[in-house]
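First the structure, in the form of structure tokens, and then the observations on it.
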Amino acid sequence: MPGVRHLVLVDISGYIFRAFHALPPMTRPDGTPVNAVFGFTQMLSSFLAEHRGSHLAGVFDASRTTFRNEFYPAYKAHRPDPPEELVPQFALIREATEAFGVAQVEAPGFEADDLIATYARAFVESGGEVTIVSSDKDLMQLVRPGVQMYDPIKRRAIREAEVAEKFGVPPNKVIEVQALIGDAVDNVPGVPKIGPKTAAELILAYGDLEAVLANTAQIKQPMRRQNLEQYAEQARISKRLVTLDDQAPMSLTIDELAVRPPEPAALEKFLRDQGFRSVVARMGLGDAAGDSGSRARNSAVSAAQAAAAPVAPADPTAAPFGAYETVTTPEALAAWIAEATAAGVVGLDTETDSLDALNARLVGVCLATAPGRACYIPLRHVSAGASQGDMLEVPAEAAPPQLPFEATMAALRPLLEDPAVLKVLQHAKYDLEVLAQPGNGGIAVGPVDDTMLISYAMEAGKHGHGMDELSRLHLGHTPVPYDQVTGTGRARISFAQVPLDKATAYAAEDADVTLRLWHILRPQLREAGALALYEQVERRMVGVLRDMEIAGIKVDGVELARIGEDFVSRMAVLETEIHRLAGRVFAVGSPKQLGEILFDEMQLSGGRKGKSGAWGTDAAVLEELAARDVPLARAVLDWRQLSKLKSTYVDGLTAQLDPRTNRVHTDFSMANTSTGRLASTEPNLQNIPVRTEEGQRIRRAFVAEPGHVLMSADYSQIELRLLAHLADVPALREAFETGQDIHSRTAADIFRLAPEAVDKEARRRAKTINFGIIYGMSAFGLAGRLGIGAGEAKGIIDAYFGQYPGIRAAMERLKEEARLQGYVFTSFGRRLWIQDIGAKDPVRRAGAERAAINAPFQGGAAEIIKRAMVRVPKALRDAGLGARMLLQVHDELVLEVPEAEVAETAALVRQVMEGVATLRVPLAVEVGTGRSWAEAH
DNA sequence: GATCTCACG
DNA sequence: GACGTACGTGAGATCG
Numbered sequence: 001m002p003g004v005r006h007l008v009l010v011d012i013s014g015y016i017f018r019a020f021h022a023l024p025p026m027t028r029p030d031g032t033p034v035n036a037v038f039g040f041t042q043m044l045s046s047f048l049a050e051h052r053g054s055h056l057a058g059v060f061d062a063s064r065t066t067f068r069n070e071f072y073p074a075y076k077a078h079r080p081d082p083p084e085e086l087v088p089q090f091a092l093i094r095e096a097t098e099a100f101g102v103a104q105v106e107a108p109g110f111e112a113d114d115l116i117a118t119y120a121r122a123f124v125e126s127g128g129e130v131t132i133v134s135s136d137k138d139l140m141q142l143v144r145p146g147v148q149m150y151d152p153i154k155r156r157a158i159r160e161a162e163v164a165e166k167f168g169v170p171p172n173k174v175i176e177v178q179a180l181i182g183d184a185v186d187n188v189p190g191v192p193k194i195g196p197k198t199a200a201e202l203i204l205a206y207g208d209l210e211a212v213l214a215n216t217a218q219i220k221q222p223m224r225r226q227n228l229e230q231y232a233e234q235a236r237i238s239k240r241l242v243t244l245d246d247q248a249p250m251s252l253t254i255d256e257l258a259v260r261p262p263e264p265a266a267l268e269k270f271l272r273d274q275g276f277r278s279v280v281a282r283m284g285l286g287d288a289a290g291d292s293g294s295r296a297r298n299s300a301v302s303a304a305q306a307a308a309a310p311v312a313p314a315d316p317t318a319a320p321f322g323a324y325e326t327v328t329t330p331e332a333l334a335a336w337i338a339e340a341t342a343a344g345v346v347g348l349d350t351e352t353d354s355l356d357a358l359n360a361r362l363v364g365v366c367l368a369t370a371p372g373r374a375c376y377i378p379l380r381h382v383s384a385g386a387s388q389g390d391m392l393e394v395p396a397e398a399a400p401p402q403l404p405f406e407a408t409m410a411a412l413r414p415l416l417e418d419p420a421v422l423k424v425l426q427h428a429k430y431d432l433e434v435l436a437q438p439g440n441g442g443i444a445v446g447p448v449d450d451t452m453l454i455s456y457a458m459e460a461g462k463h464g465h466g467m468d469e470l471s472r473l474h475l476g477h478t479p480v481p482y483d484q485v486t487g488t489g490r491a492r493i494s495f496a497q498v499p500l501d502k503a504t505a506y507a508a509e510d511a512d513v514t515l516r517l518w519h520i521l522r523p524q525l526r527e528a529g530a531l532a533l534y535e536q537v538e539r540r541m542v543g544v545l546r547d548m549e550i551a552g553i554k555v556d557g558v559e560l561a562r563i564g565e566d567f568v569s570r571m572a573v574l575e576t577e578i579h580r581l582a583g584r585v586f587a588v589g590s591p592k593q594l595g596e597i598l599f600d601e602m603q604l605s606g607g608r609k610g611k612s613g614a615w616g617t618d619a620a621v622l623e624e625l626a627a628r629d630v631p632l633a634r635a636v637l638d639w640r641q642l643s644k645l646k647s648t649y650v651d652g653l654t655a656q657l658d659p660r661t662n663r664v665h666t667d668f669s670m671a672n673t674s675t676g677r678l679a680s681t682e683p684n685l686q687n688i689p690v691r692t693e694e695g696q697r698i699r700r701a702f703v704a705e706p707g708h709v710l711m712s713a714d715y716s717q718i719e720l721r722l723l724a725h726l727a728d729v730p731a732l733r734e735a736f737e738t739g740q741d742i743h744s745r746t747a748a749d750i751f752r753l754a755p756e757a758v759d760k761e762a763r764r765r766a767k768t769i770n771f772g773i774i775y776g777m778s779a780f781g782l783a784g785r786l787g788i789g790a791g792e793a794k795g796i797i798d799a800y801f802g803q804y805p806g807i808r809a810a811m812e813r814l815k816e817e818a819r820l821q822g823y824v825f826t827s828f829g830r831r832l833w834i835q836d837i838g839a840k841d842p843v844r845r846a847g848a849e850r851a852a853i854n855a856p857f858q859g860g861a862a863e864i865i866k867r868a869m870v871r872v873p874k875a876l877r878d879a880g881l882g883a884r885m886l887l888q889v890h891d892e893l894v895l896e897v898p899e900a901e902v903a904e905t906a907a908l909v910r911q912v913m914e915g916v917a918t919l920r921v922p923l924a925v926e927v928g929t930g931r932s933w934a935e936a937h
């Protein structure tokens, strides 16, 4: 607010250590570690963008010894030296502070905390307000009216309520409580056996430390009373140690802390020297903010917004919902198009008769130009009574009045393709595919923002990203449910049959909600540190995946049918055999009946009941029985394999085949996984069989068009490379750098074998543990998988951590980070929220900790391949090559390549894929080609 | 609709 | 001392 004096005090010394431990290692191109510097610049830039005060200072610790050591020499005495990787960062952070134009405050003999106390007091006395940027509990004693704290990592304010939650007492009683508790890390002794709960209880009961000490006689617990009496003096010393001195010398006057604007050129130079291009872009410095298209858009948007601002600065949460217009005249249409063009940013939604974008018919289009202001343009509605079959030839008098399709799309095209008008959609890929179809206008919509992806870029794993959920979350509004408009089950009607008033209420609201969400979420990208991820990865993936889905992949349906017949006849033989071995006829596909036969009727041992009380009969159980010569188990395993392949792949894929092209088109979902991976549905083409001979036959049915081959390019050991990078394991780095077999190398290291002495079994064990590590596996889990005792497994794990000590530390760091913040980061800065990390149930919490360990590896790999997917199509175009990307399977890209261009394409694809990230280890890509996917692999 | 099972990385 | 035990997905079948 203008006129209010507001001092921001940044506890830089405190922040440095926390950022160093919270962030994954990062280095400058010259090898200097810079993760804390990066965290600091990122924090400072986003904090300052949001909360610029009138006065600003960065506060540092000047020296290790302070006035407290004079009366208590042990205070903070055995603090370890800062980690080697942190030392060079101190000076850089000073430079950063300078570059940001932030005044620096320090004083010999005083801690940063004392200076913060001093400046806060002085500033409040002068009538201003103070925000302390820190999460240090020792500063919480300073919170009071006019003084608040702000936790820069959790990004939340710390006021009286938060302090009371932490200490159980109000801020003015914090030092009393701390005096009793002490602090092991800082060597503040406190009173033995008194922890946070007891201390708060005592202080609440008696008022302060001296009152507690004066009334020990009343304390019922003998040990507690005795400790309080015996260590009274120690408690008094503790109180002096934790009490901040608000009369420290002030090296700068308050006036000298008045905010001065940073010098952009100096700041940009500093940031570029560190390689922090994303921070440069985020701060709008220099010319790093994306391609020319987005610049054109940005300027157009800001110009339009500036023009529109005095007219309708509608609050995205406050404007009323529901007053929408149905557009049925050319004049109204022209007015909406003009309004949207002038606004520069427009909410857009399409209504269709199918969720399958490639076969959907466009039924209507919605535009939203401001919160609460939206319209629906019906195009292909039919009479409510018309059945689906009538839709194409419905009598003209039966349809509601609406604009003609072709002319309307022609009128909309300039708007939808206007590079100066940003189109905002929820789940843009769907609408873009619909509109790209020739029968639906054949419009190439752009530029586009996608609220679903904006949300996903910031909060993957925290919640879903569907429109209804986002609307409830951010707007506090539940949109009209789709089912309420069309009905459900047998009574469900096509959207084309929905009467125009109901259709408008539903459809225009979607566009309205989408635009409102954009107004709220888009500005958050910057402060969430997710802007680069969104702009450079997620946003560009929309078009890439649209093209892949439209391309599809060819499947030999005739071959599939042959395979199916073979499977059916073999299943029949097996079924007869199974019934004979079981002694009676039963449904082989029923796990319930199978369990009863094996464990009740045949009385076999080794059965396990699940939580529902049913016998478990999964493959692990049956394999165990088969190994004990139970022929029924083997027969069922064989039957199940064929059954799975037949129903899911032979029949499932056949049903999805487009009969005109013999291709299947999957739908890649972009915002479903908690790790940043894609998922593939209807059909899922990311789980096509590969591991068994029978499964390979399915894969052989995926083929290239004549004159082409399929090319498979997959990242070799990408997650283990990320492990070597993230945990910085010299042995693993060396192995990857020199192209050794990573599992053999691990075997040699942990079993202490000469390289030539590593046999298959040793390698297999090492492989199991290597993968187990990135899943957070326990000794128990390893024992189960290796079929060895828990003791032996523990020995192997100990040997592993002994050889690769960085790994244990990295695992602990990830768990701690997740516990502290609720999320972890990938190496590329994506935030992945970990569900259940704060769960009371220890089993669920342990599961969440494993997820926290796995997430950066799975998520990091996902991000690497996404970056490659953004670059490969452009590289192919630039090189004049005719290959198309068809599929992504987590670490693999499948392309369809003209036969004559195989060698050139392979080299280019590999070069792009290997070059998308610079880790401490090289990326390696293996490329194969063949007529079928099986051969290419 | 919940549960089990199994296909993939 | 007991608990349960490797991460992330999607699809099909059975059963209540």
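Numbering (my numbering), first residue to last: 1 to 937. For glycine and all other residues, C-beta sits at the position ideal for the given N, C-alpha and C.
Just the C-alpha distance for residue i and residue j, rounded to the nearest angstrom, thanks.
{"i": "residue 33", "j": "residue 139", "result": "29 Å"}
{"i": "residue 580", "j": "residue 618", "result": "21 Å"}
{"i": "residue 389", "j": "residue 352", "result": "With a pLDDT of 48 at residue 389, under the threshold of 50, the predicted position of this residue should be treated as unreliable, though the coordinate-derived value follows. Whole-angstrom Cα-Cα distance: 16 Å."}
{"i": "residue 295", "j": "residue 538", "result": "In this prediction, residue 295 has a pLDDT of 37, which is less than 50 and means its spatial position is unreliable; what the coordinates show is noted afterwards. Cα to Cα, the separation comes out at about 18 Å."}
{"i": "residue 329", "j": "residue 367", "result": "15 Å"}
{"i": "residue 995", "j": "residue 36", "result": "No statement about residue 995 is possible, as the shown extent of the chain runs from 1 to 937 and does not include it."}
{"i": "residue 929", "j": "residue 657", "result": "23 Å"}
{"i": "residue 676", "j": "residue 530", "result": "13 Å"}
{"i": "residue 835", "j": "residue 659", "result": "43 Å"}
{"i": "residue 18", "j": "residue 132", "result": "16 Å"}
{"i": "residue 759", "j": "residue 732", "result": "19 Å"}
{"i": "residue 357", "j": "residue 935", "result": "31 Å"}
{"i": "residue 178", "j": "residue 789", "result": "47 Å"}
{"i": "residue 927", "j": "residue 370", "result": "50 Å"}
{"i": "residue 364", "j": "residue 378", "result": "4 Å"}
{"i": "residue 680", "j": "residue 509", "result": "29 Å"}
{"i": "residue 943", "j": "residue 932", "result": "Summary: the structure shown does not reach residue 943, with the chain confined to residues 1 through 937, and so no result is reported for it."}
{"i": "residue 793", "j": "residue 782", "result": "6 Å"}
{"i": "residue 435", "j": "residue 558", "result": "33 Å"}
{"i": "residue 654", "j": "residue 569", "result": "19 Å"}
{"i": "residue 590", "j": "residue 741", "result": "43 Å"}
{"i": "residue 206", "j": "residue 199", "result": "11 Å"}
{"i": "residue 114", "j": "residue 66", "result": "10 Å"}
{"i": "residue 746", "j": "residue 767", "result": "8 Å"}
How far does the alpha helix (DSSP H) with residue i in it reach, from first residue to last?
{"i": "residue 270", "result": "264-274"}
{"i": "residue 186", "result": "Element bounds for residue 186: n/a, residue is neither H nor E."}
{"i": "residue 451", "result": "451-459"}
Can you name the residues that DSSP bridges to residue i?
{"i": "residue 71", "result": "Bridge partners of residue 71: none, in fact."}
{"i": "residue 477", "result": "According to DSSP, residue 477 bridges with nothing at all."}
{"i": "residue 615", "result": "609"}
Confirm the yes/no value for this check: CB of residue i, any heavy atom of the ligand GDP, distance under 7 Å.
{"i": "residue 257", "result": "With respect to small molecules bound, the structure shown includes none, and the ligand GDP cannot be examined in it."}
Which first and last residues belong to the beta strand (DSSP E) in which residue i is found?
{"i": "residue 553", "result": "553-555"}
Inset, instruction - Would you be able to state if there are at least three C-beta pairs under 8 Å between the region 181-194 and the region 142-156? - result: no
Legend entry - Segments assigned alpha helix (DSSP H), at least 4 residues, entirely inside the region 64-139: 67-71, 87-99 and 112-125
Inset, instruction - Could you pull out every unbroken alpha helix (DSSP H) segment of at least 4 residues lying fully inside the region 783-857, listed in chain order? - result: 790-803 and 805-821
Legend entry - beta strand (DSSP E) runs contained entirely in the region 150-178, provided each spans 3 or more residues: Taking only runs of at least 3 residues, the beta strand (DSSP E) segments lying wholly in the region 150-178 are 156-158.
Inset, instruction - Check whether the region 93-106 touches the region 201-220, taking contact to mean three or more Cβ pairs, one atom from each stretch, closer than 8 Å. - result: Taking one beta carbon from each stretch, the region 93-106 and the region 201-220 have fewer than 3 pairs nearer than 8 Å; the two do not touch.
Inset, instruction - Report yes or no: do three or more beta-carbon pairs, one from the region 542-561 and one from the region 632-641, lie closer than 8 Å? - result: no
Inset, instruction - Would you be able to state if there are at least three C-beta pairs under 8 Å between the region 480-491 and the region 852-871? - result: no
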